[in-house]
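What follows is a short report on a single structure.
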Amino acid sequence: MDITIRKHETCVIGLPRCDFVFSSTRTCFIAYGFDESTLEMSLLSKLLEERGVQAIQAGGTLAPGQNAYCAKICSKIITSQFCIVLLNNEETAAAEIPNANVNMEYGLMLGFNKYVIPFQRGNQKLPFNVAGLDTIKYSTRDFERLASEAIDQAITVTTQKSSSEVPIDQLLSSFLLTKGALVATLSEQGERNLYELGRPLGFSFLNDFSGMQGIYFGNFTALRPEAVLWRVRTVLDILSERIGSLEQRVKTGIVSSEQIELFNEILSKLAIWILVTSEDDKKYVSEAIASLQDGRHFDVFSLTDVSEALAKSGFGAL
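Quick note: the sequence shown uses numbering that gives the first Met the number 0, first residue 0, plus one each step.
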C-alpha cells in the first residue's frame, strides 16, 4: 500500500498523459454492483459522510465528452484517499455470478497499490483469483458495525501527515508570507466581490503587504495542467468582461463615473499566482500563460518552490 501524494505519469489505456495525483482528495471510491449492493452502498455513503469523506461511485458521475473509463473510474481511484469494493455476486437458481465491472475496478485498485476494504456477504464465495485476499464477510445484522470499524481504520492509516505536523493551510500561508502576500480578510465589500468572482474556479483572494495590490491565488496541485490553464483563461475572461462592462454600469447607475478609473485599475492590475505539483507542470503552465499576452502579472510555483522558500525562511525551526 502506498498513500504518498504523487503524480501518476503513465495512462493505463494509452492516452498521451495522465497527471492525476494519487491520494490527493478526501474521497473514497466504492466499486459495487448496482443491482446487488444498493443498500450497502447507501449505508457506506452515510458512514463516510459522517467522517468527512466523500463517497465516489462510477454510476454517480457524469463525464460528457470525456473518456468515461478515465473520468469516472480510473482517475477517481487514483485521487481517492482509500477504496471500498463490494464483491457481492448475482445469485441465480443455478449459480453465483461475479460482477465483471466490480472485479475489474478491484484489480485496478490493487494495481495502483491503494488501501482497499473488500466486503462480501457471508454466504457467498469469492472468485478464485482474489479468494486468498483478506475480505470482510458480513450479514445484514453486522454490516454497519464492521463497515464503521473498517472505515475508521482506513482513515487513520491513509490520512496524510506532514513531517513537521503543520497543517497544509498554515504551510501555504507561511509560503505566501515569504512572497509578500496575506490571505484577504474579506472585511471590505470590494474584497468580497473580487473573491466571489474567482471562487467558482478555485481561486483564493490575497493582498500584498501594502493592501493595495490584489492577487488571485490558485492551489491547483490536484489538477492536470490543462485544467489549470482552463481556470486561468476563464478567470481572465471574467475580468475582461467586467472591465468591458464598466461604461454600461455607469449608464445604468450601478457605479459613478468617478469610480470607473479606480475599478478599471483594480481589475486590470490583479495579479494571478498558481501553485502546481511538479517542475514539469510549472514549466508547461508558465509557457502557456506567457502566450496569452494578457499584460498582468503572473507567477507559477511548484511544491518544490514552497519547500525551498519555507526552508530558507527558517519556518521548519518554528
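Here a beta-carbon is modelled for each residue, glycine too, at the ideal position from N, C-alpha and C.
Per DSSP, Y137 lies in no alpha helix (DSSP H); the unbroken beta strand (DSSP E) holding it starts and ends at I135 to Y137. Note: E90 is bridge-paired with E95 in the DSSP secondary-structure output.
At the C-beta level, Q56 and I29 come within 8 Å of one another.
DSSP places G189 in the uninterrupted alpha helix (DSSP H) bounded by Q188 to G197. Under the criterion of beta carbons closer than 8 Å, A146 and L42 qualify as touching, at roughly 7 Å.
DSSP, read as helix, strand or coil, puts G106 in helix. Boundaries of the beta strand (DSSP E) harbouring T26: T26 to A30, taken from the DSSP string. Nearest Cα to T276 within the set R248, A92 and V284: V284. Note on geometry: alpha-carbon atoms of D151 and K268 lie some 48 Å from one another. L200 and R230 have their alpha carbons spaced roughly 6 Å apart. Of all alpha-carbon atoms in S255, D280 and D304, the one lying nearest the alpha-carbon of D18 is that of D280.
Secondary structure at R232: helix, using DSSP grouped into helix, strand and coil. Taking a cut-off of 8 Å for Cβ pairs, the segment 173 to 182 and the segment 301 to 315 touch, as three or more such pairs fall below it. In summary, P15 is exposed, with fewer than 16 beta-carbon neighbours lying within 10 Å of its beta-carbon over all protein chains present.
Residue burial is scored here from C-beta neighbours: M211 has fewer than 16 other C-beta atoms within 10 angstroms and is therefore classed as exposed. In chain order, F204, Y215 and V234 place their CB closer than 7 Å to the CB of G197, counting only its own chain and leaving out the 5 sequence neighbours on each side.
Remark: three or more beta-carbon pairs, one from each stretch, lie closer than 8 Å, so the segment 185 to 196 and the segment 233 to 247 are flagged as touching. Where Q119 is concerned, the enclosing beta strand (DSSP E) starts and stops at V115 to R120. For the 8 Å CB-CB criterion, L85 and T134 do not form a contact. Residue range F142 to T157 is occupied by the alpha helix (DSSP H) that includes F142. Residue environment for F111: buried (at least 16 other C-beta atoms within 10 angstroms of its C-beta).
Taking every protein chain shown into account, the CB of S79 has 16 or more other CB atoms within 10 angstroms, so this residue is buried. In the three-state scheme derived from DSSP, where H, G and I count as helix and E and B as strand, V52 is classed as coil.
Rounded to whole angstroms, the Cβ separation of L245 and I259 is 5 Å, and the two are in contact under 8 Å.
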